[in-house]
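These notes are about the structure you will find just below.
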Amino acid sequence: SQKIEQNSEALNIQEGKTATLTCNYTNYSPAYLQWYRQDPGRGPVFLLLIRENEKEKRKERLKVTFDTTLKQSLFHITASQPADSATYLCALVRSGNTGKLIFGQGTTLQVKP
Amino acid sequence: NAGVTQTPKFQVLKTGQSMTLQCAQDMNHNSMYWYRQDPGMGLRLIYYSASEGTTDKGEVPNGYNVSRLNKREFSLRLESAAPSQTSVYFCATGTGDLYQPQHFGDGTRLSIL
Chain A
1 SQKIEQNSEA LNIQEGKTAT LTCNYTNYSP AYLQWYRQDP GRGPVFLLLI RENEKEKRKE
61 RLKVTFDTTL KQSLFHITAS QPADSATYLC ALVRSGNTGK LIFGQGTTLQ VKP
Chain B
114 NAGVTQTPKF QVLKTGQSMT LQCAQDMNHN SMYWYRQDPG MGLRLIYYSA SEGTTDKGEV
174 PNGYNVSRLN KREFSLRLES AAPSQTSVYF CATGTGDLYQ PQHFGDGTRL SIL
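Residue numbers (this note's numbering), protein chains in the order written: chain A, 1 to 113; chain B, 114 to 226.
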């Protein structure tokens with residue numbers, strides 16, 4: 001069956017460092033992959049999208065990579081701040097799908113001052 | 114501009130009771146989705162509606178029904194609530210375009226005793 005996995009353990013880092021979150025998938029080739037941020041008690045908020053033919057995408061302090069050979073996406077936050085503390089979700093869609101997303105379970109990031 | 118509004122925000126039910134969760138959007142999006150989020154499981158798609166007048170099952174539809182009342186509103190009904198349906202329920206909308214993100218409401222926290 002289709003599977004998408006993120007590190008279930010929380011990631012704790014010091015302010016100013018780069019946070020790297022991992023998203024691995026199995027059993028099919030996604031058309032694209034999205035990353036969302038979720039704060040406690042709130043719904044997910046879209047951050048970035050990367051297509052299958054793109055290796056890397058950047059937006060301000062955020063960078064996403066997509067390696068279809070390794071079946072993996074990495075999400076980087078550079079110069080991290082305590083305000084970046086949240087749960088980050090990856091989601092993918094297969095080619096030909098009607099926009100239905102398959103989500104990973106999320107990784108919680110805690111940035112300490 | 115409210116985006117995606119879910120009501121109620123919290124609800125406690127007894128086993129066997131029925132309940133309808135409401136979702137309304139002002140984004141003029143064609144597609145609407147219902148997800149449930151459980152600890153360690155990530156977001157799972159219950160039902161979706163690609164456009165007004167159509168609905169389809171997602172990954173976990175059993176025990177639920179939906180109604181796409183009009184373009185703005187998409188409701189989720191639990192006919193006979195079970196403790197296994199205790200979860201946080203999120204409604205989302207999208208354009209239906211494969212490469213566009215989904216926009217989420219802030220969820221309904223439902224406990225079934």
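We put the beta carbon where it would ideally sit given N, CA and C, even for glycine. Remember, predicted model here, so these are calculated numbers, not experimental data.
- What does DSSP give as the partner residues of E15(A) in its beta bridges? BP columns for E15(A) are empty, so no partner.
- Of the choices F187(B), T128(B), N175(B), Q150(B), whose alpha-carbon is the least far from that of G166(B)? With distances taken between Cα atoms, G166(B) lies closest to F187(B).
- Query: Rounded C-beta distance between Q119(B) and L223(B)? I'm assuming under 8 angstroms.
  - Reply: No, Q119(B) and L223(B) are not in contact; Cβ-Cβ is about 11 angstroms, not under 8 angstroms.
- Which listed residue (G171(B), N143(B), Y202(B)) has its alpha carbon closest to that of Y160(B): Of all alpha-carbon atoms in G171(B), N143(B), Y202(B), the one lying nearest the alpha-carbon of Y160(B) is that of G171(B).
- Item | Counterpart residues of A137(B) in DSSP-defined beta bridges | According to DSSP, which records beta bridges pairwise, A137(B) is partnered with T118(B), E186(B).
- Task: Report the residue from L48(A), N12(A), K3(A) whose alpha carbon sits nearest the alpha carbon of T81(A).
- Result: Residue identity check: residue 81(A) is Gln in the sequence provided, not Thr. Minimum Cα distance to Q81(A) is reached at N12(A).
- Quick one, which of R190(B), F217(B), D169(B) has its alpha-carbon nearest V117(B)'s? Distances from the alpha-carbon of V117(B) to those of R190(B), F217(B), D169(B) put F217(B) closest.
- So, using beta-carbon positions, are Y88(A) and T107(A) closer together than 8 angstroms? Result yes, Cβ atoms of Y88(A) and T107(A) sit closer than 8 angstroms.
- Task: Please check if any C-beta of chain A sits within less than 8 angstroms of the C-beta of F187(B).
- Result: F187(B) does not count as touching chain A.
- Message: At the level of alpha carbons, what is the spacing between D169(B) and S162(B)?
- Response: So the two alpha carbons sit approximately 6 angstroms from each other.
- Item | Selected residue, minimal CA-CA separation from A79(A), among G16(A), L62(A), G43(A), E60(A) | Per the Cα distances, G16(A).
- Message: Do Q138(B) and S200(B) have their beta-carbon atoms positioned less than 8 angstroms apart in this structure?
- Response: The answer is no: Cβ separation not under 8 angstroms.
- Message: DSSP has K112(A) in a bridge; who is on the other side?
- Response: BP columns for K112(A) point to Q14(A).
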